[in-house]
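The structure appears below as structure tokens.
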Amino acid sequence: KAGVTQTPRYLIKTRGQQVTLSCSPISGHRSVSWYQQTPGQGLQFLFEYFSETQRNKGNFPGRFSGRQFSNSRSEMNVSTLELGDSALYLCASSGGQGLTDTQYFGPGTRLTVL
Amino acid sequence: AQSVTQLDSQVPVFEEAPVELRCNYSSSVSVYLFWYVQYPNQGLQLLLKYLSGSTLVESINGFEAEFNKSQTSFHLRKPSVHISDTAEYFCAVMDSGAGSYQLTFGKGTKLSVIP
Chain A
1 KAGVTQTPRY
11 LIKTRGQQVT
21 LSCSPISGHR
31 SVSWYQQTPG
41 QGLQFLFEYF
51 SETQRNKGNF
61 PGRFSGRQFS
71 NSRSEMNVST
81 LELGDSALYL
91 CASSGGQGLT
101 DTQYFGPGTR
111 LTVL
Chain B
1 AQSVTQLDSQ
11 VPVFEEAPVE
21 LRCNYSSSVS
31 VYLFWYVQYP
41 NQGLQLLLKY
51 LSGSTLVESI
61 NGFEAEFNKS
71 QTSFHLRKPS
81 VHISDTAEYF
91 CAVMDSGAGS
101 YQLTFGKGTK
111 LSVIP
């Protein structure tokens with residue numbers, strides 16, 4: 001089985017722009033969750049989608065949004081980028097019921113905001 | 001809001017020595033507990049988890065963690081470490097709030113195994 005894939009792997013944007021990141025889960029997995037990893041704040045949970053519905057959400061401002069398509073692929077969008085949004089964005093997929101099941105992580109998208 | 005504390009940011013240990021990575025969390029109401037590991041140049045992966053039942057949980061590579069509700073802790077231990085255990089370890093706690101689940105991570109502990 002192919003693992004979780006994320007595109008693009010690297011991205012450079014400027015402040016004020018918006019960005020869309022993509023995540024393709026393992027085939028058959030319906031839960032996709034997103035995380036932000038920075039040296040200062042560590043790993044933070046953004047949100048989880050299950051069968052096209054946002055089911056759980058972390059404490060991030062509304063500039064961070066996401067969606068999930070019928071084939072379980074998910075996108076995360078960040079609008080009005082700030083310097084502090086520079087981070088490694090990870091997505092993970094899981095079978096079963098989602099966050100309490102084993103999550104399989106992708107390699108991440110490294111976003112740099114200049 | 002839940003907070004997760006990993007007291008040690010770095011832990012150096014000699015090969016074949018025992019190790020304990022500490023994790024404490026703030027709120028003990030109905031939590032699920034996880035340890036994740038990130039090996040050098042590899043993605044994050046789940047090491048073990050506690051959802052219910054026995055408070056001692058084990059991983060396939062010899063790590064174990066014990067859920068201690070009274071001390072709100074979920075420390076990770078291994079009796080004899082190997083060079084291949086060198087990695088960063090993250091403790092995470094899931095609890096419910098406002099109708100949804102929140103997953104909160106600790107800042108991570110870098111385990112360096114010295115030959």
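Protein chains in written order, with my numbering: chain A, 1 to 114; chain B, 1 to 115.
The beta carbon of each residue, even a glycine, is placed where N, CA and C say it ideally should be.
All figures in this text were calculated on a predicted structure; none of them were measured in a lab.
What are the boundary residues of the beta strand (DSSP E) that B:I114 is part of?
109 to 114
Under DSSP, the beta strand (DSSP E) around A:G42 begins and ends at which residues?
42 to 50
When you compare each of B:T109, B:V113, B:I114 to B:V37 by their alpha carbons, which one comes out closest?
B:T109
To which residues of the same chain is B:T72 closer than 8 Å at the C-beta, ignoring the five residues directly before and after it?
N24, Y25, S26, S27, S28
Do three or more CB pairs link the stretch 37 to 46 of chain B to the stretch 2 to 14 of chain B at distances below 8 Å?
no
CA nearest to the CA of A:G3, picked from A:G28, A:L43, A:Y10, A:F47
A:G28
Start and end of the beta strand (DSSP E) containing B:K69?
Taken as a continuous stretch (DSSP letters only), B:K69 belongs to no beta strand (DSSP E), as it is neither H nor E.
Between the C-alpha atoms of B:V19 and B:K69, what's the straight-line distance to the nearest angstrom?
Across the structure, B:V19 and B:K69 are spaced so that their CA atoms are roughly 21 Å apart.
Neighbourhood of A:L81 by C-beta, 7 Å cutoff - its chain only, sequence neighbours within 5 removed:
K13, R15, G16, Q17, Q18, V19, V113
When the Cα atoms are used, what is the spatial distance from B:L67 to A:T102?
Sequence check: residue 67 of chain B is Phe here, not Leu. If you take the alpha carbons of B:F67 and A:T102, they lie about 18 Å apart.
Just to confirm before moving on: does the CB-CB distance between A:R73 and A:R9 stay below 8 Å?
no
With a CB to CB cut of under 7 Å and the five nearest residues on each side skipped, what residues in its chain are close to A:Q44?
Y35, Q36, G58
Output needed for B:L21: all residues of its chain with C-beta closer than 6 Å, excluding positions within five of it in sequence on either side, in chain order.
L76, Y89, T109
At least one CB of chain A closer than 8 Å to the CB of B:L46: is that the case?
yes
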